[in-house]
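Asks: My questions will all concern the structure given below.
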Amino acid sequence: MIKRFLILIAGFYFLALLQTSFFIHFPLAGLVPNFILISVFLINILEKPQKNAGIFAGFIGGFFLDIFSSNPIGFYALILLGLSLLTKIIFRKYVWAPVR
Amino acid sequence: MKFTSIKAKILIIAIVAALVLSLNFFRAETKGFFYYISTPIQKVFWSVGDSIANFFGAVGDLNGLREENDQLQGFFHELLAEKAYLTELKEENEVLREALQLDLQKEFQLVLVDVIGKDIGQDSFLINQGSRDGLSPGMPVITQQKILVGRIAEVFEKFSRVVLISNKNSSFDAKVSGTAITGVARGQGGSNLKFDLVPQEKELKADDLVVSSALGGIYPEGLLVGRISKASRDDVSSFYQSEIAPLFNLESTTMVFVIINFDND
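These protein sequences, in sequence, are chains C and G.
The first sequence runs contiguously to residue 100 in the working numbering.
The second sequence runs contiguously to residue 1265 in the working numbering.
Spelled out as structure tokens, the structure:
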């Protein structure tokens, strides 16, 4: 579990670096997609509702977004954490998915 | 148990949130630390991204460059056409200026025509005006230097064919300028002329200038024909064996004048 979290930390750190240094060169219609938000969203949707990695991903992804943006630290971290929690609650309570 | 678990989770989240928010008290230090350790990697990412973006930007610009190139080529062709037109006008202007200096317009009623096709083998050429422009067969054709070129042999609606004085079927009266020596200039083909029927008792010599004579009524008097290139006597004939080197040069002729007020009937 710790290993998975470390991988998520490293992954989101590099994703944040890519977001601010690499993807910024390739705007689509003047906008650069936020790959951290997309990743957090995908992790939360694709992992089993009972797992908590998505919540952690939301927090850590948001944290790195805050670090590499001009926002106060915690702005994105708490928003993504809240959204991840909300997603988990919705998936656990209202969305039926076949057991993998 | 479940209540406790939820409470514990909320507590953990609240603590984490408080911790994260508390980092804002050391915001500069915290962000500075991350920037410090990230700068080398960011530089690499930035450089790679910049290079790739430049490459694809250049590839994307190819269409723009192609369009711009097409536009410039079109513009270039327009300028070329304009230049050609201006060159033509300049040439025409020079011809007219030269003709004015010789007072040709006072002496004759002239029409400036362009040579549009040449048949050097047949000693003839095509001009760009015809019956629609008032031209008719027999009209003399001269250059701006008052050099006799030939006459119109065939007239079409928009074109006319001019036969040179060196054409084999051409024959007209001529004389040596400034003298009473007269003869008949006969075309020999290949830009050659023979000066025939000059009595041997007259004094004819090389380089004498030959001009047209009004005698036969084919051409107006005084048009330059050429210079005597060869004049020899023989015992058999009572006339000179002489040749004329025509002054006109068909190969470099692009514009000529047609004398339209000369009645050669």
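Glycine residues also receive a C-beta, built at the ideal position from the N, C-alpha and C atoms.
Here the structure is a predicted model, which is why all the values come from computation and not from measurement.
(1) DSSP on C:Phe-35, reduced to helix/strand/coil?
(2) Mind pulling the chain G residues with CB within less than 9 Å of C:Pro-33?
(3) Measure from the alpha carbon of G:Phe-1159 to the alpha carbon of each residue in G:Val-1115, G:Phe-1025 and G:Gln-1071, then state which is nearest.
(4) Where do the N-terminal and C-terminal ends of the beta strand (DSSP E) with G:Gln-1188 fall, by residue?
(5) Given this structure, state the Cα-to-Cα distance separating G:Phe-1003 from G:Leu-1011, to the nearest angstrom.
(6) What separation, rounded to the nearest whole angstrom, lies between the Cα atoms of G:Ile-1147 and G:Val-1141?
(7) Report yes if the C-beta distance between G:Gly-1190 and G:Asn-1167 is below 8 Å; otherwise report no.
(8) Under 8 Å Cβ-Cβ, which residues of chain G neighbour C:Ile-73?
(9) My parser needs the beta strand (DSSP E) runs of 3 or more residues fully inside the region 1174-1236 of chain G; what are they?
(10) Below 9 Å on C-beta distance, what does C:Phe-26 contact in chain G?
(11) C:Phe-63 touches chain G at which residues, Cβ-Cβ below 7 Å?
(12) Within the region 1117-1181 of chain G, note down every full beta strand (DSSP E) run reaching 3 residues or more, in order along the chain.
(13) What would DSSP say about G:Ser-1005, mapped onto helix, strand or coil?
(14) Measuring straight from C-alpha to C-alpha, what distance separates G:Asp-1173 and G:Gly-1074?
(15) In this structure, does DSSP put C:Val-95 in helix, strand or coil?
(16) Near G:Ala-1206, which residues of its chain fall below 7 Å by C-beta distance, leaving aside the five closest residues on each side in sequence?
(17) When DSSP labels each residue in this structure, what does G:Pro-1246 get in the three-state scheme?
(18) Does C:Ser-39 get closer than 8 Å to chain G when you measure Cβ to Cβ?
(19) Below 8 Å on the Cβ atoms is my guess for G:Ile-1052 versus C:His-25; work out the distance and round it to an integer in Å.
(20) Can you tell which of G:Phe-1195, G:Thr-1143 and G:Ala-1214 has the C-alpha that lies nearest to the C-alpha of G:Ser-1252?
Replies: On the basis of the data shown:
(1) If you number the first sequence from 1, residue 35 of chain C lands on position 35. Three-state result, C:Phe-35: helix.
(2) The residue labelled residue 33 of chain C in the question sits at position 33 within the first sequence. None at all; the shortest Cβ gap to chain G is about 14 Å.
(3) Residue mapping note: residue 1159 of chain G aligns to position 159 of the second sequence, counting from 1. Answer by Cα proximity: G:Val-1115.
(4) Counting from 1 along the second sequence, the entry for residue 1188 of chain G is found at position 188. Here the beta strand (DSSP E) through G:Gln-1188 covers 1182-1189.
(5) Locating residue 1003 of chain G in the second sequence gives position 3, where the first residue counts as 1. Locating residue 1011 of chain G in the second sequence gives position 11, where the first residue counts as 1. Confidence at G:Phe-1003 is low in this model, with a pLDDT of 47, below 50, so the placement of that residue should be treated as unreliable; the coordinate-derived value is given next. Roughly 12 Å separates the two Cα atoms.
(6) Against the second sequence, residue 1147 of chain G aligns to sequence position 147. Against the second sequence, residue 1141 of chain G aligns to sequence position 141. Near 9 Å, if we compare the C-alpha coordinates of G:Val-1141 and G:Ile-1147.
(7) The count along the second sequence starts at 1 and reaches residue 1190 of chain G at position 190. The count along the second sequence starts at 1 and reaches residue 1167 of chain G at position 167. No, they are not a contact pair.
(8) Start at 1 with the first residue of the first sequence, and residue 73 of chain C comes out as number 73. Simply Val-1020, Leu-1021, Leu-1023, Asn-1024, Arg-1027, Thr-1030 and Lys-1031.
(9) 1182-1189, 1192-1196, 1209-1212 and 1224-1232
(10) Your numbering for residue 26 of chain C matches position 26 in the first sequence. Here the neighbours are Gly-1049, Ile-1052, Ala-1053 and Phe-1056.
(11) To locate residue 63 of chain C, count along the first sequence from 1; it is residue 63. Ordered by position in chain G, the residues that pass the 7 Å Cβ test against C:Phe-63 are Val-1020.
(12) 1124-1127, 1140-1142, 1148-1155, 1160-1164 and 1171-1176
(13) Position 5 of the second sequence holds residue 1005 of chain G. Helix.
(14) The residue you call residue 1173 of chain G lines up with position 173 of the second sequence. The residue you call residue 1074 of chain G lines up with position 74 of the second sequence. If you take the alpha carbons of G:Asp-1173 and G:Gly-1074, they lie about 54 Å apart.
(15) Numbered from its first residue, the first sequence carries residue 95 of chain C at position 95. Here C:Val-95 sits in coil by DSSP.
(16) Here residue 1206 of chain G corresponds to residue number 206 of the second sequence, with the count starting at 1. Once the five neighbours on either side are set aside, the close Cβ partners of G:Ala-1206 are Ile-1228, Ser-1229, Lys-1230 and Ala-1231.
(17) Within the second sequence, residue 1246 of chain G is the residue found at index 246, counting from 1. G:Pro-1246: strand per DSSP, three-state reduction.
(18) Along the first sequence, read from residue 1 onward, the residue named residue 39 of chain C stands at position 39. False, the Cβ-Cβ gap to chain G never drops below 8 Å.
(19) Within the second sequence, numbered from 1, the residue matching residue 1052 of chain G stands at position 52. Within the first sequence, numbered from 1, the residue matching residue 25 of chain C stands at position 25. Rounded, the Cβ-Cβ distance is 7 Å, consistent with contact.
(20) The residue you call residue 1252 of chain G lines up with position 252 of the second sequence. It is G:Thr-1143 whose Cα lies nearest to the Cα of G:Ser-1252.
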